[in-house]
Structure formats: C-alpha cells, structure tokens
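Asker:
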Amino acid sequence: MHARKHASVCAAYPCCIKLFLQVLSADARIYLFRNFLSEAECDYIKNKATPRLARSGVVDAKTGKSKIDDIRTSSGMFFNRGEDPVIQTIERRIANLSMTPVYHGEGLQVLRYEAGQKYEAHWDYFFDEKNAARGANRYATMLTFLETVEEGGETVFTKMPTPDGRDNEGFSECAKHHLAVKPHKASFLL
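Numbering (my numbering), first residue to last: -2 to 187.
1. Return the CA-CA distance between Ile87 and Leu140, expressed in angstroms with no decimal places.
2. Taking 8 Å as the cut-off, decide whether the C-beta atoms of Gly73 and Leu108 are in contact.
3. Hey, could you find the ends of the beta strand (DSSP E) Tyr28 is sitting in?
4. As a quick exercise: from Lys15, Leu16, Asp24, Phe17, pick the residue whose alpha carbon is nearest that of Leu176.
5. Could you check the C-alpha separation between Ser35 and Val178 for me, to the nearest Å?
6. Pop quiz: Phe195 and Lys182 are said to be a contact at Cβ under 8 Å. What is the actual Cβ separation, rounded to whole angstroms?
7. Could you give the residue range of the alpha helix (DSSP H) that holds Thr159?
8. Determine the direct distance from the alpha carbon of Leu187 to that of Gln19, and round the result to whole angstroms.
9. Counting pairs of beta carbons, one from the region 96 to 113 and one from the region 73 to 85, are three or more of them closer than 8 Å?
10. Between which two residues does the alpha helix (DSSP H) harbouring Ala23 extend?
11. Leaving out the 5 sequence neighbours to the left and right, which residues in its chain are closer than 6 Å to Arg31 when beta-carbon positions are compared?
12. Can you tell me the Cα-Cα spacing of Leu180 and Glu148, whole angstroms?
13. According to DSSP, is Arg49 part of a helix, a strand, or is it coil?
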C-alpha cells in the first residue's frame, strides 16, 4: 500500500481542503481518500436519509427489478440526482475526484447496517438483460462512510489478499484474510 498527501482539491468544495490519499491497490485501482466530506455533510446526509430508509433490495438477474434477498439485509434509500444544493455539491465532488461526468452517476445511495446485517460478496455490475439493453452499468463504485465504526462493517475485496500477506489485526473474521477497509467517517473509497 502506498500513501501520499494530495495537495488540495478545490472544485466543488466551499473552500480548499486537504485530502489524504491511500492507494490500496494500484492494479485493481482501489483508492481511499480521507476527509472527503465534512462532518456537517455526513450529518446532513444521515439526517435527510434516515426517514426514507427501507429494507435494501438486490437486482433480479432475470427481470432487472429490485427484490428482497437475504444476501443483503441493510436498510437503504436513493437521493434523486441533484436533489438539493448539498447533494449537488457532493455529486460534483465525486465527479471531479473520480474524473467522470456528473451525469454518469446514479443518485446517491445511503445504506445503514445494524449489528449483524450484511451484504454478502457481490459484483457491483448488472448481469441482467434489461440493464444491459439500456446500456446502463457501473464501471466504478464509490463509497463514502458517514460513521466511524469500531467493530465490523468493513468493505472486503474477497478476490484480493491482504497487501502484506498477513492477517488484518482487529478486523472481523470475514475481513482478516483479504484487502479490507474499515469505515471511517468522511472517507471515500473508489
């Protein structure tokens, strides 16, 4: 893993801030940015999303529609694209940092995982015919953590070993032997 300071990113920020960039995998292009959101933005998103949370679904490979499945037990919601000025600012920031146009993104999705909830290993890519026919698919996934979690909650890349070949100390059992990221408030995983 490589870490370096990223000068400052001003586009779509109310003022310049310093980001800390950690390259988790150059080959798989997995990057972790610290300080991507402000504390106030994290709290704003949580407060605005909480009343709209409902059981998360998965995409049915045959129909392309959402369905409930035990492989994903979180609660979630989607903001409409450009829903309000704060969401627009965050969408522009994601676009600038990921070097993709805003209109290539989906509406921001907020997920909440309670103790014992999960999303089993999966591809963030749609294999169904409906989405493929529309030309819609994901070529990158960006996660922003709204809370720091002391235990569990890791994002695990199950096809990738730990960078140094040793077990991750202090990680949950499913994350010990793989490249994994613990949730840290305001961080951005690309």
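We put the beta carbon where it would ideally sit given N, CA and C, even for glycine.
Answerer: According to the structure shown:
1. Distance between the alpha carbons of Ile87 and Leu140 is about 12 Å.
2. yes
3. First-last of the beta strand (DSSP E) with Tyr28: 27 to 31.
4. Asp24
5. The straight-line gap from Cα to Cα measures roughly 20 Å.
6. Because the chain here runs from -2 to 187, residue 195 falls outside it and cannot be looked at.
7. Note, Thr159: premise wrong, no alpha helix (DSSP H); not H, not E.
8. Each residue's alpha carbon lies about 11 Å from the other.
9. yes
10. Per DSSP, Ala23 belongs to no alpha helix (DSSP H) and is neither H nor E.
11. Phe17, Ser184
12. Rather than Leu, the amino acid found at residue 180 in this sequence is Pro. If I take the Cα positions, the gap works out to 9 Å.
13. helix
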